[in-house]
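Counting in my numbering, the sequence shown runs from -8 upward without gaps. All C-beta atoms, glycine included, are put in the ideal place defined by N, C-alpha and C.
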Amino acid sequence: MTMGVNDGTVIGSELLLDHGSPIDRWNLTLVSEGYTEQELPNFRLHSLEFVTLLLATPPFAGPSAAINVYRLDVASSQSGADDPAPCGTGATADTFFDARFCANGLDRRVLVVDTTLALNTVYAELPWSHAILVIVNSPLSGGTGGGVATTTLHPKGMATGLHELGHSAFGLADEYDYASTCNESGRDFHPAVEPAAANVTVNSSFSTLKWGHLVDPSTPMPTSTRDDCSVCEGPGLSPTTPGTVGAYTGGNHYHCGVFRGEYDCKMRAHGEPFCAVCQERINAALFPFFP
C-alpha cells in the first residue's frame, strides 16, 4: 500500500478484461474517486457495469479483442466530490484526486480531477495505460474528457463515461452546439478553420468532405440547415432516416458554419449510439492492437 498525495490511499489494481499482454493491447484503466475504503466494493461493481456497457456499444463489441480493461482501487478519506457555489451547494469532500464540479464556474456538470496526480498515480501502477476513466462516487450528472476522462454514478453516468472517452481517448469533438449554456453569445458561426477532430468539419462539399466515403451520393449536402443561427437547435426530428451520414449543421459548440456526420450521435447526446463517423475513428485507433 502506498499513500496518496492527497486524501486517501492507493489500494491496488485488477485486470477486468483480459485479451493478452498489455504490450500488445489497447489498455483502459478505470479509477475510483470519492469512494472510501469501505465503499470500494461498490466501485468494483460499477466498473463491471461500465465494462458491460462498453462491450455492448458499437464499435467496441467488434474489436473487443484489442482491449484490456484494468481497475485501480483508490480509497478517499471522504465520499463524493466538491460541489462549489455558485453552481452547486458549496459542499466539500476530502478525496484523493480533488474531484470538483462546476470547474468552469458556470456549469455544474463540468467535473474535473487533478489530472497530473491521476496520470502519475495510474502510470505508477499500470504504466501501459492508453486511456483513463475516473469514476466519481456522486449521483450528480457530470464529466469531462481532457487528459483523463471523468464521469459519475448518475443514471446516465456510464453513457457519459463513453462520451468523455470519445474526447480523451479518440480525439472526438462535441457535436452539440453550445459550450456552457445554450444561446450564449459568440456561438452563432464557427470560425472558418478546419477542426482537427475527425467528426466535425467546416466543409460540406461532397467531394472533399472528411467522411465523404461514408455518404451516399443522393444525400443532400449540406443535409440540414438552420433558419436562425443565433440560437441552439432545439429537440426535433432528423430530416433523414436515422443512420444517414451527411453534413448536418451545428456542432463543436457552434450553431452554424460547422457540420457533423449524423443527426444524432453519442458525441451529441450521451444516450445515442456513436455515429458511423465516430465509429470509424475509434476503429482506426484500435486497429493496431488487434490480435
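Residues of its chain near residue i, where Cβ-Cβ distance is below 8 Å and the 5 sequence neighbours each way are ignored
{"i": "residue 272", "result": "161, 162, 163, 189 and 190"}
{"i": "residue 187", "result": "162"}
{"i": "residue 282", "result": "10, 11, 15, 56 and 57"}
{"i": "residue 89", "result": "-3, 73, 104, 105 and 108"}
Contact check, residue i vs residue j, beta carbons under 9 Å
{"i": "residue 159", "j": "residue 177", "result": "no"}
{"i": "residue 224", "j": "residue 241", "result": "yes"}
{"i": "residue 87", "j": "residue 106", "result": "no"}
{"i": "residue 265", "j": "residue 50", "result": "yes"}
{"i": "residue 210", "j": "residue 192", "result": "no"}
{"i": "residue 212", "j": "residue 229", "result": "no"}
{"i": "residue 116", "j": "residue 140", "result": "no"}
{"i": "residue 45", "j": "residue 131", "result": "no"}
{"i": "residue 120", "j": "residue 62", "result": "no"}
{"i": "residue 75", "j": "residue 92", "result": "yes"}
{"i": "residue 221", "j": "residue 239", "result": "no"}
{"i": "residue 3", "j": "residue 64", "result": "yes"}
{"i": "residue 261", "j": "residue 172", "result": "no"}
Start-to-end residues for the beta strand (DSSP E) that takes in residue i
{"i": "residue 66", "result": "58 to 67"}
{"i": "residue 140", "result": "140 to 142"}
{"i": "residue 18", "result": "17 to 24"}
{"i": "residue 5", "result": "-1 to 8"}
{"i": "residue 122", "result": "122 to 127"}
{"i": "residue 289", "result": "It is not possible to answer for residue 289, since the shown part of the chain is limited to -8 through 282."}
Cutoff 6 Å; reference residue i; Cβ partners in own chain excluding five residues on either side
{"i": "residue 166", "result": "242, 251, 256, 258 and 259"}
{"i": "residue 277", "result": "17, 54 and 57"}
{"i": "residue 85", "result": "-2, 68 and 69"}
{"i": "residue 34", "result": "23 and 26"}
Where the alpha helix (DSSP H) containing residue i begins and where it ends
{"i": "residue 114", "result": "106 to 116"}
{"i": "residue 196", "result": "It is not in any alpha helix (DSSP H) - residue 196 carries neither H nor E in the DSSP assignment."}
{"i": "residue 37", "result": "31 to 47"}
Rounded distance between the beta-carbons of residue j and residue i, thought under 8 Å
{"i": "residue 104", "j": "residue 95", "result": "Their Cβ separation, rounded to whole angstroms, is 14 Å, which puts residue 104 and residue 95 out of contact at 8 Å."}
{"i": "residue 66", "j": "residue 27", "result": "6 Å"}
{"i": "residue 269", "j": "residue 179", "result": "That belief does not hold up - the Cβ atoms of residue 269 and residue 179 are roughly 25 Å apart, past 8 Å."}
{"i": "residue 25", "j": "residue 174", "result": "Actually they do not touch by this definition, with Cβ atoms about 33 Å apart."}
{"i": "residue 6", "j": "residue 59", "result": "7 Å"}
Simplified DSSP state of residue i, which is helix, strand or coil
{"i": "residue 250", "result": "strand"}
{"i": "residue 176", "result": "coil"}
{"i": "residue 103", "result": "strand"}
{"i": "residue 159", "result": "helix"}
{"i": "residue 276", "result": "helix"}
{"i": "residue 215", "result": "strand"}
{"i": "residue 135", "result": "strand"}
{"i": "residue 94", "result": "coil"}
Test: residue i CB closer than 9 Å to a CB of chain D
{"i": "residue 54", "result": "In summary, chain D is missing from the structure at hand, where a single protein chain is found."}
Sequence-distant residues of the same chain with beta carbon closer than 7 Å to residue i, five excluded per side
{"i": "residue -6", "result": "Low local confidence applies: a pLDDT of 41 at residue -6 is under 50, so the model's placement there is unreliable, with the coordinate-based value given in what follows. 0."}
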